[in-house]
Ligand code: SF4
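In our numbering, the protein residues as written are 875 to 939.
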């Protein structure tokens, strides 16, 4: 599983970072970004899905590769 964030949709609520700081970071402008290339280790897949479900802007997606 690999995550992407659509920076045009992200409004910087940082809910994703609050839910899964292992997977997300926040840039200097308050927008979220994925850590590394967004690859989710198996033990964090549930947290990744929780973050996707809780993003109010639907900005987090699962990369289709
Ligand atoms: S929860 Fe969604 S809108 Fe909020 S910072 Fe994370 S990606 Fe951006």
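Idealized CB from N, CA, C, for every residue including glycine.
Owing to the predicted nature of the structure, the values given are computational and were not obtained by experimental measurement.
Confirm the yes/no value for this check: CB of residue i, any heavy atom of the ligand SF4, distance under 8 Å.
i	result
residue 936	no
residue 920	no
residue 930	yes
residue 886	yes
residue 839	This structure cannot speak to residue 839, because the chain is shown only from 875 to 939.
residue 909	no
residue 889	yes
residue 925	yes
According to DSSP, residue i sits in a beta bridge with which residue or residues?
i	result
residue 936	877
residue 906	900
Closer than 7 Å by C-beta to residue i: which residues in its own chain qualify, once you throw out the five before and the five after it? Chain order, please.
i	result
residue 905	881, 884, 886
Taking the C-alpha atoms as reference points, what is the distance between residue i and residue j?
i	j	result
residue 930	residue 914	21 Å
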